């Protein structure tokens with residue numbers, strides 16, 4: 001059972017525009033959420049995270065929004081750059097239960113068109 | 001470079017065989033996690049070790065086992081391999097405390113023929 005879902009396998013955006021990647025989860029025990037970026041032949045690289053006590057976290061061009069009631073989070077990239085082209089994974093964990101392991105979505109492939 | 005190393009990078013073997021994947025965590029990290037990524041799937045958590053002891057277990061098959069050694073490197077052993085075990089296997093590490101993001105190695109691509 002996939003507890004973290006990324007329903008859009010791919011997304012194409014023009015350079016300079018906003019990229020919005022979405023993620024839904026089903027487990028209400030999840031209280032910490034992360035986004036990872038993955039290039040081919042490399043491991044996932046941590047991008048940004050958010051705790052369930054917040055609804056927004058910003059780091060430069062990257063902002064993550066969390067809507068707990070909808071069990072939904074999104075990653076906004078503004079402005080998008082060609083170097084942002086990669087597969088983006090949403091991940092969640094349940095730190096309140098003492099578990100650090102991450103549950104991953106299936107990823108969204110972002111292509112930023114120059 | 002995340003500081004996490006994995007060897008080998010690629011592994012091709014036959015059904016029924018046994019292989020060992022190796023992971024060296026970032027310097028100072030006590031926790032090691034193993035994940036499996038099959039084709040077009042997300043990463044699936046297999047097992048976590050913290051300072052030599054098993055901390056958490058995910059959907060790890062009984063044919064798979066892992067251990068973490070005193071120098072904190074970890075090995076994932078896969079036996080009686082089946083075609084469906086072909087996947088990318090990632091190791092990640094962190095300090096073991098909450099809110100620490102996990103740092104991933106480059107992965108080992110296993111192909112079972």
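Protein chains in written order, with the numbering used here: chain A, 1 to 114; chain B, 1 to 113. Built from N, CA and C at the ideal position, the CB exists for glycine as well. All figures in this text were calculated on a predicted structure; none of them were measured in a lab.
In the same chain as residue 16/B, and ignoring 5 residues on each side of it, the C-beta atoms closer than 8 Å to its own belong to 80, 81, in chain order. For residue 99/A, the nearest CB of chain B lies under 8 Å from its own CB, placing it at the interface with that chain. Here residue 113/B is exposed: its Cβ has fewer than 16 other Cβ atoms, across all protein chains shown, within 10 Å. For the region 34-60 of chain A, the residues whose beta carbon sits under 8 Å from a beta carbon of chain B are, in order, 34, 36, 41, 42, 43, 44, 45, 46, 49, 51. Taken in chain order, the members of the region 34-48 of chain B whose beta-carbon sits within less than 8 Å of a beta-carbon on chain A are 35, 40, 41, 42, 43, 44, 45, 48. Using a CB distance cut-off of 8 Å, residue 107/A counts as an interface residue toward chain B. For the set 42/B, 72/B, 18/B, the Cα lying nearest the Cα of residue 83/B is the one of 18/B. Chain-order list of chain A residues neighbouring residue 104/B: 36, 38, 42, 43, 44, 45, 46, by C-beta distance under 9 Å. Judged by their CB atoms, residue 63/A and residue 87/A are not nearer to each other than the 8 Å cut-off.
The DSSP-derived three-state label of residue 93/B is strand.
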